[in-house]
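Beneath this line is the structure, given in structure tokens, with notes to follow.
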Amino acid sequence: GAVVSQHPSRVICKSGTSVKIECRSLDFQATTMFWYRQFPKKSLMLMATSNEGSKATYEQGVEKDKFLINHASLTLSTLTVTSAHPEDSSFYICSAEPQETQYFGPGTRLLVL
Amino acid sequence: GENVEQHPSTLSVQEGDSAVIKCTYSDSASNYFPWYKQELGKRPQLIIDIRSNVGEKKDQRIAVTLNKTAKHFSLHITETQPEDSAVYFCAASTTSGTYKYIFGTGTRLKVLA
Numbered sequence: 001g002a003v004v005s006q007h008p009s010r011v012i013c014k015s016g017t018s019v020k021i022e023c024r025s026l027d028f029q030a031t032t033m034f035w036y037r038q039f040p041k042k043s044l045m046l047m048a049t050s051n052e053g054s055k056a057t058y059e060q061g062v063e064k065d066k067f068l069i070n071h072a073s074l075t076l077s078t079l080t081v082t083s084a085h086p087e088d089s090s091f092y093i094c095s096a097e098p099q100e101t102q103y104f105g106p107g108t109r110l111l112v113l
Numbered sequence: 114g115e116n117v118e119q120h121p122s123t124l125s126v127q128e129g130d131s132a133v134i135k136c137t138y139s140d141s142a143s144n145y146f147p148w149y150k151q152e153l154g155k156r157p158q159l160i161i162d163i164r165s166n167v168g169e170k171k172d173q174r175i176a177v178t179l180n181k182t183a184k185h186f187s188l189h190i191t192e193t194q195p196e197d198s199a200v201y202f203c204a205a206s207t208t209s210g211t212y213k214y215i216f217g218t219g220t221r222l223k224v225l226a
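From first to last, the protein sequence lines stand for chains A and B.
In this text, residue positions in the first sequence follow the numbering used here: the first is 1, and each later residue adds one.
In this text, residue positions in the second sequence follow the numbering used here: the first is 114, and each later residue adds one.
Dropping the structure here:
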């Protein structure tokens with residue numbers, strides 16, 4: 001299967017700071033990547049679809065100005081959580097699809113103090 | 114909006130027994146149905162998938178069946194082993210809005226030795 005990496009794997013930050021998470025497709029090009037959020041013992045909640053060279057498509061209820069997405073190349077998408085607050089603490093996972101199958105990154109566990 | 118229902122939420126089986134997880138989708142245009150296995154703290158891993166032009170697919174101890182008329186699909190695991198213990202998610206593709214997956218709520222499978 002295709003390989004997707006994500007960095008960092010864990011991050012702890014203070015309330016009010018911004019955190020950037022990177023998602024990379026290592027062995028294929030991805031015009032589309034997806035960003036999910038997962039709460040403990042819950043399913044994957046799609047936040048937004050990242051499109052290379054154009055604006056991301058956000059799901060209903062997800063704040064665009066809070067969760068900034070940049071897909072500047074065919075192998076890299078970034079999610080920036082701006083002015084993070086404790087309620088933003090969660091497991092963030094990206095995925096990318098070489099064709100129609102999504103392959104997931106290892107996830108980033110964010111803890112906002 | 115489109116949704117995917119998944120049952121049961123938890124499932125315990127004895128080692129060697131079979132496990133069945135069922136999902137129902139709402140979007141009649143869905144044409145791709147992947148299943149993912151997620152171990153604690155890890156990324157979801159694709160274990161099997163099926164397309165709408167196929168009724169059944171098998172890969173060693175894992176099989177998936179699809180009933181397009183009833184809009185439901187099932188995961189079957191035979192001869193279960195303790196390492197099969199994990200959370201399993203079904204998903205259905207949808208083009209409502211943009212192309213994406215709708216995930217089920219997950220099934221926590223415990224295989225008792």
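Quick reminder that beta carbons are idealized off the backbone N, C-alpha and C, glycines included.
Source: prediction; values computed, not measured.
| query | result |
| --- | --- |
| For a contact defined as C-beta to C-beta under 7 Å, what are the partners of residue 93 of chain A on chain B? | 156 |
| Given residue 89 of chain A, which residues of its chain have a CB within under 8 Å of its CB, disregarding the five upstream and five downstream residues? | 110, 111 and 112 |
| Nearest to residue 181 of chain B by alpha carbon, out of B/192, B/189, B/165 and B/212? | B/165 |
| Per the contact definition of three or more C-beta pairs closer than 8 Å, is the stretch 200-209 of chain B in contact with the stretch 150-157 of chain B? | yes |
| Which residues share a DSSP beta bridge with residue 163 of chain B? | B/146 |
| Can you look up residue 172 of chain B in the DSSP assignment and give me helix, strand or coil? | strand |
| With respect to the beta strand (DSSP E) encompassing residue 95 of chain A, which residues constitute its N-terminal and C-terminal limits? | 90-96 |
| For chain B, find out if any of its Cβ atoms is closer than 8 Å to the Cβ of residue 58 of chain A; answer yes or no. | no |
| Can the beta-carbon of residue 193 of chain B be found closer than 8 Å to that of residue 126 of chain B? | yes |
| Can you look up residue 87 of chain A in the DSSP assignment and give me helix, strand or coil? | helix |
| Is the number of C-beta pairs between the stretch 72-79 of chain A and the stretch 14-27 of chain A that are closer than 8 Å three or more? | yes |
| Check whether the Cβ atoms of residue 128 of chain B and residue 195 of chain B sit closer than 8 Å, and answer yes or no. | yes |
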